[in-house]
Amino acid sequence: MSLNITLAFGGGAELLFGNVKENKVTLEKAVEQWTIKTLLVWIKDNLLQHSPEMFIRGDTIRPGIMVLVNDCDWELLDKNDYVIEDGDIVTFISTLHGG
Amino acid sequence: MPVKCTNCKDAKGILKRSRTGDPICRECFFLLFETEVHKTIQKYKLFTRGEVVAMGVSGGKDSTVLAHVMDTLNRRYDYGLDLRLLSIDEGITGYRDDSLETVKRNETEYGLPLTILSYKTLYGWTMDDIVKQIGKKNNCTFCGVFRRQALDRGAKHIKADKVVTGHNADDIAETVMMNIMRGDVARLQRCTAIMTGDDPTGIPRVKPLKYAYEKEIVAYAYHKKLDYFSTECIYSPEAYRGNARTYIKDLEAIRPRAILDIIHSGESMMIKKGVKMPTLMRCKNCDYISSNDICKACILLEGLNKGRPKVSVGKSSKIQKNLLDHKMLEMKARQLNISVIPKAVNGCGSGQGCCGGGKCGSSESTLTKGKVADQF
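Taken in sequence, the protein lines are chains A and B. In this text, residue positions in the first sequence follow our numbering: the first is 23, and each later residue adds one. In this text, residue positions in the second sequence follow our numbering: the first is 244, and each later residue adds one.
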């Protein structure tokens, strides 16, 4: 079954995605379960416009980019192994810029 | 499965606190974050009732949260402070001009008077001009030196008693690492101070967010829906600080407490007895506080081939008397391996050195842009 989720980008991360702050996407059933880990790969392959090293480090998010699921810190939620549910809003906020 | 907030034990946790690892809910997070800043202010006695406080704001995440929290705490705990917004326009197209729009919105939102000072007015150069001149290495040195002076001059202009900036824990940890990597012992001693200003005539600079994690500042702004400008300075990819930042971020991913621990290490470092440290004095050119006879900003400016800064600290009559001592500057410049305006040899009878104006028509008085040494 495919998942319909929303991806949101902030704090400058949106620059890697053509300045689009919100994206409604559909994840097809290509894997048994969609996790943040597999979602990141999907984002890299389908949405990321340039400079993947600014967003992803190895198989996880670049340190300094906050990940929220439905406004909740992913650190409270299994992080990379969190299983994505239909209707989830996954937000990526970069903290890596001047204050 | 949702975790409960460790503070109120009632609402759902939405953030894992960096320092403790505890889950916390939205409302408790706001309250605790603000209260921790309040406790820092109290513990280190950062303010006195009635003071005029200039908040250095750039429109970025740290200064936006700083302005919001300071305003909130000033009301909640009745600090009795006269808060103002002070912004510096370095003249970086596409970066600073956009973020200043955010600051102007802050002025309206919080009802706090805003003053903007530009490098162009103060020094006659924008950062864009400077980078065109010296390239993309070491331009942060210029910007940092000029901005600190600009904040001071701006604060003096609005008769502020204190300047506050939004430096956060990550910033300070990065600075500690940078100073260690460069062996800059003098800076290492000063960089963890929450309040600067041993000099009685300088305006103390205070960092109320010193122990606040950058991640939590971003989370605070996000959940409070505070409006801020978030782009990297276009010159920053080449900056040395980037190395320290990557390292700190990697450490944070393993053990977030490391950031506060690095600050603590920096605070705990002491210099052995007998080691010569720079003493603070006044610049002979502009009277600004300096570790040397001529302050860094004046040296940089000479290297950029301009005269004295247009807004000066101290009496202008004094500045005129202390006109640039060309011989002293040349000596200094030779030590530092930079060239200054060449002295006119034919035609100029002033005996005061080439003014660079070219009016005398001397062939020796051509404005040659000084080459600034790599160490800058």
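Ideal Cβ placement from N, Cα and C applies to all residues, glycine included. Given the structure is predicted, the values throughout are model-derived calculations rather than measurements.
* Asked: Taking the Cβ atom as the reference point for each residue, do B:I506 and B:T435 lie within a distance shorter than 8 Å?
  -> What you label residue 506 of chain B is simply residue 263 of the second sequence in a count that begins at 1. What you label residue 435 of chain B is simply residue 192 of the second sequence in a count that begins at 1. Their beta carbons are under 8 Å apart, which means B:I506 touches B:T435 by this criterion.
* Please state whether DSSP places B:D314 in a helix, a strand or coil. => In the second sequence, residue 314 of chain B corresponds to position 71, counting from 1. Note: B:D314 maps to helix in three-state DSSP.
* chain A within 8 Å of B:G256, Cβ atoms only -> What you label residue 256 of chain B is simply residue 13 of the second sequence in a count that begins at 1. Interface residue, yes.
* A:T209 vs A:G32 beta-carbon contact at 8 Å -> For residue 209 of chain A there is no data in the structure shown, the boundaries of chain A being 23 and 121.
* To do: Can you grab the Cα-Cα spacing for the pair B:G509 / B:T408, in whole Å?
  => What you label residue 509 of chain B is simply residue 266 of the second sequence in a count that begins at 1. What you label residue 408 of chain B is simply residue 165 of the second sequence in a count that begins at 1. The C-alpha of B:T408 is placed about 20 Å away from the C-alpha of B:G509.
* Asked: Pick from B:T263, B:Y465, B:I359: whose alpha carbon is nearest that of B:D332?
  -> Stepping through the second sequence from its first residue, residue 332 of chain B is reached at position 89. Measuring from the Cα of B:D332, the nearest candidate turns out to be B:I359.
* In the DSSP assignment, find the unbroken alpha helix (DSSP H) run with B:I502 in it and report its ends. => If you number the second sequence from 1, residue 502 of chain B lands on position 259. From DSSP, the alpha helix (DSSP H) with B:I502 extends over 501–511.
* To do: Determine, using beta carbons only, whether B:S473 comes closer than 8 Å to chain A.
  => Walking along the second sequence from the start, residue 473 of chain B turns up at place 230. For B:S473, the answer is yes, since a Cβ of chain A falls inside 8 Å of its Cβ.
* Pull up the distance between the alpha-carbon of A:K66 and that of B:N528, whole angstroms please. => As a working mapping, residue 66 of chain A is identified with position 44 in the first sequence. As a working mapping, residue 528 of chain B is identified with position 285 in the second sequence. Answer to the nearest angstrom: the Cα atoms are 55 Å apart.
* Among A:P74, A:M76, A:H72, A:D110, nearest to A:W56 - alpha-carbon criterion -> Looking up residue 56 of chain A in the first sequence gives position 34. Here the closest residue by C-alpha is A:D110.
* Can you tell me the Cβ-Cβ gap for B:A297 and B:V406, rounded? I've got them flagged as a contact below 8 Å. => In the second sequence, residue 297 of chain B corresponds to position 54, counting from 1. In the second sequence, residue 406 of chain B corresponds to position 163, counting from 1. Right, the Cβ-Cβ distance comes to about 5 Å (below 8 Å), so this counts as a contact.
* Asked: Starting from A:V89 and walking both ways along the beta strand (DSSP E), at which residues does that stretch end?
  -> Numbered from its first residue, the first sequence carries residue 89 of chain A at position 67. Element bounds for A:V89: 87–91.
* Asked: Is B:G397 helix, strand or coil when you go by DSSP?
  -> Residue 397 of chain B sits at position 154 when you count from the first residue of the second sequence. DSSP places B:G397 within a helical segment (H, G or I) once states are collapsed to three.
* A:F114 - partner residues in DSSP beta bridges -> In the first sequence, residue 114 of chain A corresponds to position 92, counting from 1. Answer is A:F31, A:V89.
* Check whether the Cβ of A:L38 lies closer than 8 Å to any Cβ atom in chain B. => Position 16 of the first sequence holds residue 38 of chain A. Contacts with chain B at 8 Å (Cβ-Cβ) do not include A:L38.
* **Per-residue DSSP class, three states only, for B:A297** => Taking the first residue of the second sequence as position 1, residue 297 of chain B is located at position 54. It is a strand residue.
* Asked: Going along the chain, which residues of its own chain have a beta-carbon closer than 6 Å to the beta-carbon of B:A416, five neighbours each way excluded?
  -> By one-based count along the second sequence, residue 416 of chain B stands at place 173. For B:A416, same chain residues with a beta-carbon under 6 Å away, outside a window of 5 residues either side, are I491, I502, I505, I506 in chain order.
* Taking all protein chains shown into account, do 16 or more other C-beta atoms lie within 10 angstroms of the C-beta of A:M88, making it buried, or fewer, making it exposed? -> Here residue 88 of chain A refers to the residue found at position 66 when the first sequence is read from its first residue. A:M88 should be labelled buried.
* Cβ neighbour criterion (16 or more within 10 Å) applied to B:P266 -> The sequence position of residue 266 of chain B within the second sequence is 23, counting from 1. Buried, because 16 or more other Cβ atoms sit within 10 Å of the Cβ of B:P266.
* Cut-off 8 Å between Cβ atoms - residues of its own chain near A:N92, not counting five sequence neighbours on either side -> Walking along the first sequence from the start, residue 92 of chain A turns up at place 70. Counting only Cβ-Cβ distances below 8 Å, and skipping sequence neighbours, we find D110, I111.
* Taking the alpha carbon of B:G302 as the point to measure from, which residue in B:L324, B:R318, B:T283, B:S330 has its own alpha carbon closest? -> As a first step, residue 302 of chain B must be located in the second sequence, where it is residue number 59. Of the listed residues, the one whose Cα sits closest to B:G302 is B:S330.
* For A:G34 versus B:E475, is the C-beta spacing smaller than 8 Å? -> Within the first sequence, residue 34 of chain A is the residue found at index 12, counting from 1. Within the second sequence, residue 475 of chain B is the residue found at index 232, counting from 1. Taking a C-beta distance under 8 Å as the contact criterion, A:G34 and B:E475 qualify as a contact pair.
* Asked: Whose C-beta lies closer than 7 Å to the C-beta of B:I514 among residues of the same chain, with five residues either side of it excluded?
  -> In the second sequence, residue 514 of chain B corresponds to position 271, counting from 1. Spatial neighbours of B:I514 in its own chain (CB-CB distance under 7 Å, excluding positions within 5 residues in sequence) are listed in chain order as V428, Q432, M520.
* How would you write the range of the beta strand (DSSP E) that A:K46 sits in, first residue to last? -> Taking the first residue of the first sequence as 1, we reach residue 46 of chain A at position 24. 44–49 is the span of the beta strand (DSSP E), which, as asked, contains A:K46.
* Asked: Three-state secondary structure (DSSP) at A:N102?
  -> The residue you call residue 102 of chain A lines up with position 80 of the first sequence. Helix at A:N102.
* Asked: Do B:A487 and B:C383 have their C-beta atoms closer together than 8 Å?
  -> In the second sequence, the residue the question calls residue 487 of chain B occupies position 244. In the second sequence, the residue the question calls residue 383 of chain B occupies position 140. No Cβ-Cβ contact shorter than 8 Å links B:A487 with B:C383.
* To do: Could you say which of B:G299, B:I537, B:A462 lies nearest to A:D95 if we only look at CA atoms?
  => As a first step, residue 95 of chain A must be located in the first sequence, where it is residue number 73. Checking every option, the nearest Cα to that of A:D95 belongs to B:A462.
* Going by other Cβ atoms of all chains shown within 10 Å of its Cβ, with 16 needed for buried, is B:L523 buried or exposed? -> Taking the first residue of the second sequence as position 1, residue 523 of chain B is located at position 280. By the neighbour-count rule (16 or more Cβ atoms within 10 Å), B:L523 is not buried but exposed.
* Name the one or two DSSP bridge partners that B:V407 has. => Position 164 of the second sequence, counted from the first residue, corresponds to residue 407 of chain B. Looking at the DSSP assignment, B:V407 forms a beta bridge with B:M298, B:V449.
* Asked: Is DSSP giving B:M420 helix, strand or coil here?
  -> Stepping through the second sequence from its first residue, residue 420 of chain B is reached at position 177. It is helical.
* Under 8 Å between the Cβ atoms of B:V449 and B:I437? -> By one-based count along the second sequence, residue 449 of chain B stands at place 206. By one-based count along the second sequence, residue 437 of chain B stands at place 194. Cβ atoms of B:V449 and B:I437: closer than 8 Å.
* Closest Cα partner of A:L118 within the set B:K516, B:T489, B:S533 -> If you number the first sequence from 1, residue 118 of chain A lands on position 96. Nearest of B:K516, B:T489, B:S533 to A:L118, Cα basis: B:T489.
* To do: Return the residue from the list B:Y471, B:K516, B:I497, B:L547 that minimises the CA-CA distance to B:D341.
  => Within the second sequence, residue 341 of chain B is the residue found at index 98, counting from 1. Closest option to B:D341, Cα to Cα, is B:Y471.
* Nearest-angstrom Cα separation, counted from B:K402 out to B:L394 -> On the second sequence, position 151 is the one that residue 394 of chain B refers to. On the second sequence, position 159 is the one that residue 402 of chain B refers to. Distance between the alpha carbons of B:L394 and B:K402 is about 12 Å.
* To do: Could you round the C-beta distance between B:V346 and B:V300 to whole angstroms and report it? I think they count as a contact, below 8 Å.
  => The sequence position of residue 346 of chain B within the second sequence is 103, counting from 1. The sequence position of residue 300 of chain B within the second sequence is 57, counting from 1. Yes, they are in contact, since the Cβ atoms of B:V346 and B:V300 sit about 5 Å apart, within 8 Å.
* Assuming B:G334 contacts B:K363 (C-beta within less than 8 Å), just tell me the rounded distance between them. => Locating residue 334 of chain B in the second sequence gives position 91, counting from the first residue. Locating residue 363 of chain B in the second sequence gives position 120, counting from the first residue. Right, the Cβ-Cβ distance comes to about 6 Å (below 8 Å), so this counts as a contact.
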